[in-house]
Amino acid sequence: MTHTVVVVDDHTLLGQAIGQMVSGFTNFEFAYHCPNGEELLKQLTLRQAAPAVILMDINMPIMDGIEATKIVSEKYPDTKILALSVEHDDTTILNMLRAGAHGYLLKDTKKNNLEMALEQLIENGYYHTNTVAKLLVNSLQKPNIIETLKPREREFMVHACSELNYREIAQIMCVSPKTIEGYRDALYEKLNIKNRIGLVLFAIKHKIIAP
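When we follow the numbering used here, the leftmost residue of the sequence shown carries the number 548, and every step to the right adds one.
Laid out in structure tokens, this is it:
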């Protein structure tokens, strides 16, 4: 059985070259190329059958690979998404996998590794290199940052997202201004932020306060 593959990459020549390489694999056939996630979604809507596999770049204009992966994984759950990117930092890899990608490969991978990854995607439903597998295990062992917040730190964060100054917050929480500074410094370090604006943005993002 031949499995169709779509390549999504904003570099047209590279995308087509990857497609031609895929067509040379025994059980795979290159279907078409899209320059970004938006065009991919359009093509998926226009065509009758969804591809078996999508090779998805990450950094693309209009709609990037992470956003496109989220949408495709929801609308076309039977299609396997293999990230194929130059990005190799842990955060990007985890964000892509959390979006719904079934595997992650760097673009400098060897031809036979790409073919093996496609075969394992079809056979097992996923493909993870040793590096990605270790990254996933470490991310599961790492506690949720929200869960590490102490009750008083969380209370301070809510007050800090208001117009109150630190002295007024200290009065409300019945502690000294120095203790309030301790809460602030601990949160800045724990959340890797540098100022009160960052604290507010974090609280909104994680729904600690309403926007």
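Even glycine gets a Cβ: it sits at the ideal position worked out from N, Cα and C.
- As computed with DSSP, residue 581 is found in a beta bridge with 555.
- Residues 751 of the same chain have their beta carbon placed closer than 8 Å to that of residue 758, with the five preceding and five following residues left out of the count.
- Contact between the stretch 578-590 and the stretch 629-645 is absent: fewer than 3 CB-CB pairs across the two stretches fall below 8 Å.
- Following the DSSP letters along the chain, one finds residue 632 inside the beta strand (DSSP E) bounded by residues 627-632.
- Secondary structure note for residue 722: it is in no beta strand (DSSP E), with a DSSP letter that is neither H nor E.
- Apart from sequence neighbours up to five positions away, the residues of its chain that approach residue 704 with a beta-carbon distance below 7 Å are 734, 746, 750 and 755, ordered along the chain.
- Judged by their CB atoms, residue 650 and residue 674 are nearer to each other than the 8 Å cut-off.
- Secondary-structure assignment with DSSP links residue 550 through a beta bridge to 575.
- By alpha-carbon distance to residue 729, the top candidate from 719, 713 and 576 is 713.
- Cβ-Cβ distances below 8 Å link residue 719 to 706 and 711 in the same chain, with the five nearest sequence neighbours on each side left out; the list follows chain order.
- Residue 716 counts as buried, since at least 16 other C-beta atoms from the protein chains shown sit within 10 angstroms of its C-beta.
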